Amino acid sequence: MNILFVSSEVEPFSKTGGLADVSGALPKALQALGHDVRVVTPQYRNVDVKKHILHLADGIGEITQSIGDKTTSASIMISSIGKGAEETPVYFIANKYYFDRDGLYSDTNRNADYPDNDERFIFFSKVALELCKRINFRPHIIHCNDWQSALICPYLKLFYAQDSFFAKTKTVFTIHNLAYQGVFGKNAFENTGLPNWTYDREFLEFYGCINFMKAGIVFADAITTVSKRYAEEICSSEEFGNKLEGLLRKRKNVLFGILNGIDTTIWNPAVDKLIPARFDMYNLEAKYKNKESLIKSFRLPHRWNVPIIGIISRLVDQKGFDIIAGMAHTLLQHNVQMIILGSGEPKYERMFSELQKSFGDKVGVYLGFNNEMAHLIEAGSDMFLMPSKYEPCGLNQMYSLKYGTVPIVRATGGLDDTIENVSENGETGTGFKFWNYTSGDLYNTIMRALAFYQYRPDVWRYIVLRGMAKDYSWEKSARDYEQLYKMVLLH
Ligand code: ADP
Numbered sequence: 019m020n021i022l023f024v025s026s027e028v029e030p031f032s033k034t035g036g037l038a039d040v041s042g043a044l045p046k047a048l049q050a051l052g053h054d055v056r057v058v059t060p061q062y063r064n065v066d067v068k069k070h071i072l073h074l075a076d077g078i079g080e081i082t083q084s085i086g087d088k089t090t091s092a093s094i095m096i097s098s099i100g101k102g103a104e105e106t107p108v109y110f111i112a113n114k115y116y117f118d119r120d121g122l123y124s125d126t127n128r129n130a131d132y133p134d135n136d137e138r139f140i141f142f143s144k145v146a147l148e149l150c151k152r153i154n155f156r157p158h159i160i161h162c163n164d165w166q167s168a169l170i171c172p173y174l175k176l177f178y179a180q181d182s183f184f185a186k187t188k189t190v191f192t193i194h195n196l197a198y199q200g201v202f203g204k205n206a207f208e209n210t211g212l213p214n215w216t217y218d219r220e221f222l223e224f225y226g227c228i229n230f231m232k233a234g235i236v237f238a239d240a241i242t243t244v245s246k247r248y249a250e251e252i253c254s255s256e257e258f259g260n261k262l263e264g265l266l267r268k269r270k271n272v273l274f275g276i277l278n279g280i281d282t283t284i285w286n287p288a289v290d291k292l293i294p295a296r297f298d299m300y301n302l303e304a305k306y307k308n309k310e311s312l313i314k315s316f317r318l319p320h321r322w323n324v325p326i327i328g329i330i331s332r333l334v335d336q337k338g339f340d341i342i343a344g345m346a347h348t349l350l351q352h353n354v355q356m357i358i359l360g361s362g363e364p365k366y367e368r369m370f371s372e373l374q375k376s377f378g379d380k381v382g383v384y385l386g387f388n389n390e391m392a393h394l395i396e397a398g399s400d401m402f403l404m405p406s407k408y409e410p411c412g413l414n415q416m417y418s419l420k421y422g423t424v425p426i427v428r429a430t431g432g433l434d435d436t437i438e439n440v441s442e443n444g445e446t447g448t449g450f451k452f453w454n455y456t457s458g459d460l461y462n463t464i465m466r467a468l469a470f471y472q473y474r475p476d477v478w479r480y481i482v483l484r485g486m487a488k489d490y491s492w493e494k495s496a497r498d499y500e501q502l503y504k505m506v507l508l509h
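Whatever position you read off the sequence shown (first residue = 1), add 18 for our numbering.
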């Protein structure tokens, strides 16, 4: 199969969250299954051209597109991800005006979206389709991801309906997070170039605005989201469906939940070059060298039998920081240390800075985005906290399992699908789960984990080992996508 994978962020080139991890891994796993996969993404300012040897793609020239009354051209750069049978070309859409900026979607403080995000990603979507023709790549499947590439679905159906080049092409649209829908004022509709009849609540119109994600859901041949549980949740109520639940219920016959995997060439303590000491299930002791290193990095005092609870996250409401705030002071009266790596909303940055001031010997905080630090925290922590209000899939809990860092999670979305609650006697289960979104339940669950850690170290060791033995690599998920693509092509 020829598969065009379109994504607004791809690890290792650009990243704000889990979408990048998926886009840097799933295409490789599909390529390894024998498909011809090409990835398309914007060339932002921070893409490291030298390190990743980006070069002008031969013989393509400029691709020109009109958006509203602007006519703009893109040049196409190329690089790749993966090695050997996994090697997959990545095409970069380069346009200084739209993409040569510090942030991906917003100013670097991440609180103000760029006002022309509609234009930027309309341009991206249109160029991605034309690129197929320029490189003579006839995709069977165009796999679009989140609102930034959602418009490809109506473009293909409406602009290229008569074009024999795309006669066999179907679209799959993956929702990585329904909370980010790409909603723009009505004036953005003109920019899309779509026919007027699509400005209708059955199609793109959304409470007097337009909604790019809705375009993907309406026009894609199949829709996926990143866990089975989240697929059910987004159809169930406005709380999860963010006002698209009705439409999603209508499309339920083509909506599937496929769990993300983890890239075990990157997130694997046995080969991870970013951590001081490599380890696996048979050499767990080496994990504690990483703990020492982590403690040193955050200048915390070393204390025996005191667990480190790690957090790596975008600091946004979704991730459960309000319920952490409601119990952090009580928790920190106990024998625990917390290490937080995150960036995002100022109110949460302040909250963690203040906690650090009050509990200098127990709390370490790094405000910012730091991949190397993320690896060290996974490797050196004993527990990992993810009390999300909702979580489409979540990757860090799976990384945590692999790194022997026991996850404490709220039972929602992918967290519920991937973590098995530790039983009363500790003989089964890979992590600690709670259901009600309250500080009290979070606190009690951490206390439960703490009791095992401190008083039953032998049982704790088995909890750790059971988690490390879980296989969440991409191969299975890639096969699920392959099956889905085949099914879509039959219809
Ligand atoms: P989301 O996509 O909602 O942000 P995921 O758990 O799916 O959540 O993926 C988050 C990814 O981003 C993980 O790879 C995580 O390690 C990484 N990440 C999040 N915040 C930071 C940070 N401040 N520094 C480094 N990596 C981060």
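Don't be surprised by glycine CBs; every beta carbon is placed ideally from N, CA and C.
Remember, it's a predicted structure, so these values are computed and weren't measured experimentally.
DSSP-derived helix/strand/coil call for C171: Residue mapping note: residue 171 aligns to position 153 of the sequence shown, counting from 1. C171 falls in the helix class under three-state DSSP.
Pairwise C-alpha distance: I78 and I153: Stepping through the sequence shown from its first residue, residue 153 is reached at position 135. Stepping through the sequence shown from its first residue, residue 78 is reached at position 60. In a straight line, the C-alpha of I153 is about 7 Å away from that of I78.
Burial state of E29, where buried means 16 or more other Cβ atoms lie within 10 Å: Here residue 29 refers to the residue found at position 11 when the sequence shown is read from its first residue. E29 is buried by the Cβ-count criterion.
Cβ pair count under 8 Å reaching 3, the segment 477-486 against the segment 294-311: Yes, the segment 477-486 touches the segment 294-311.
CA-to-CA distance, F452 to Y461, given in whole angstroms: Your numbering for residue 461 matches position 443 in the sequence shown. Your numbering for residue 452 matches position 434 in the sequence shown. Straight-line Cα distance between these residues: approximately 10 Å.
Close beta carbons around T192, own chain, < 6 Å, minus the five adjacent residues each side: Taking the first residue of the sequence shown as position 1, residue 192 is located at position 174. For T192, where only same-chain residues beyond five positions count, the Cβ hits under 6 Å are N163, T242.
C-alpha gap between V108 and G422, whole angstroms: Residue mapping note: residue 108 aligns to position 90 of the sequence shown, counting from 1. Residue mapping note: residue 422 aligns to position 404 of the sequence shown, counting from 1. Roughly 33 Å separates the two Cα atoms.
Nearest residue (CA-CA) to G203, options E223, P157, N20, L318: By one-based count along the sequence shown, residue 203 stands at place 185. Of E223, P157, N20, L318, the residue nearest in Cα terms is E223.
Distance CB(K188)-CB(D239) smaller than 7 Å: The residue given as residue 188 occupies position 170 in the sequence shown. The residue given as residue 239 occupies position 221 in the sequence shown. Yes, they are a contact pair.
Through-space distance from V424 to F184, alpha-carbon basis: Here the question's residue 184 lines up with position 166 in the sequence shown. Here the question's residue 424 lines up with position 406 in the sequence shown. Counting only the Cα atoms, V424 lies some 47 Å from F184.
Limits of the alpha helix (DSSP H) - the one that R332 falls within: Mapped onto the sequence shown, residue 332 falls at position 314. Counting along the chain, R332 falls outside any alpha helix (DSSP H), though it belongs to the beta strand (DSSP E) covering 326-333.
Residues bridged to E223 [DSSP beta-bridge criterion]: On the sequence shown, residue 223 is found 205 positions in, with the first residue counted as 1. BP columns for E223 point to I228.
Unbroken beta strand (DSSP E) run spanning D54, endpoints: Stepping through the sequence shown from its first residue, residue 54 is reached at position 36. 54-60 is the extent of the beta strand (DSSP E) around D54.
Alpha-carbon spacing of L292 relative to F258, whole angstroms: Within the sequence shown, the letter at position 274 stands for residue 292. Within the sequence shown, the letter at position 240 stands for residue 258. Just so you know, the alpha carbons of L292 and F258 end up roughly 36 Å apart.
Of the residues G378, I358, D335, the one placed nearest K365, counting alpha carbons only: If you number the sequence shown from 1, residue 365 lands on position 347. K365 has its Cα closest to that of D335, out of G378, I358, D335.
heavy atom of the ligand ADP below 6 Å from R428 C-beta: In the sequence shown, the residue the question calls residue 428 occupies position 410. Because no heavy atom of the ligand ADP lies under 6 Å away, the Cβ of R428 does not count as near it: no.
Buried/exposed call for G378, threshold 16 Cβ in 10 Å: In the sequence shown, residue 378 corresponds to position 360, counting from 1. So G378 counts as exposed.
C-alpha distance - N443 paired with A249, whole-angstrom precision: On the sequence shown, position 425 is the one that residue 443 refers to. On the sequence shown, position 231 is the one that residue 249 refers to. C-alpha separation (whole angstroms): 32 Å.
Cβ contact (3+ pairs, closer than 8 Å) linking the segment 303-317 and the segment 340-348: Proximity of the segment 303-317 to the segment 340-348 falls short of the contact definition, fewer than three beta-carbon pairs being nearer than 8 Å.
Limits of the alpha helix (DSSP H) - the one that Y473 falls within: Against the sequence shown, residue 473 aligns to sequence position 455. That run of the alpha helix (DSSP H) goes 457-473.
Beta carbon of E512 nearer than 7 Å to that of I85: No answer is possible for residue 512: it lies beyond the span of the chain, which begins at 19 and ends at 509.
beta-carbon D290 near the ligand ADP non-hydrogen atom, thresh 6 Å: Residue mapping note: residue 290 aligns to position 272 of the sequence shown, counting from 1. No.
Closer than 6 Å: F316 CB and nearest the ligand ADP heavy atom: Counting from 1 along the sequence shown, the entry for residue 316 is found at position 298. No, the ligand ADP has no heavy atom inside 6 Å of this Cβ.
Same chain, Cβ closer than 6 Å to F339, five either side skipped, listed in chain order: Here residue 339 refers to the residue found at position 321 when the sequence shown is read from its first residue. Within the same chain, F339 has close Cβ partners Y366.
Selection from L122, N205, H161 that minimises the alpha carbon distance to D54: Locating residue 54 in the sequence shown gives position 36, where the first residue counts as 1. Closest by alpha carbon: H161.
Contact test: D39 Cβ vs the ligand ADP heavy atom, cutoff 6 Å: Locating residue 39 in the sequence shown gives position 21, where the first residue counts as 1. Yes, since a heavy atom of the ligand ADP falls inside the 6 Å radius drawn around the Cβ of D39.
Cβ contact check for the segment 267-287 and the segment 37-46: 3 or more pairs under 8 Å: Using a C-beta cut-off of 8 Å, the segment 267-287 makes contact with the segment 37-46, since at least three inter-stretch Cβ pairs fall below that distance.
Rounded Cβ spacing between L403 and G362 (contact assumed at less than 8 Å): The residue you call residue 403 lines up with position 385 of the sequence shown. The residue you call residue 362 lines up with position 344 of the sequence shown. Their Cβ separation, rounded to whole angstroms, is 16 Å, which puts L403 and G362 out of contact at 8 Å.
CB-CB length for I326 against K309, believed under 8 Å: Working through the sequence shown from its first residue, we reach residue 326 at position 308. Working through the sequence shown from its first residue, we reach residue 309 at position 291. Indeed, because the Cβ distance is near 7 Å, the residues count as touching under 8 Å.
Check: R63 C-beta below 6 Å from any heavy atom of the ligand ADP: As a working mapping, residue 63 is identified with position 45 in the sequence shown. Every heavy atom of the ligand ADP is 6 Å or more from the Cβ of R63, so no.
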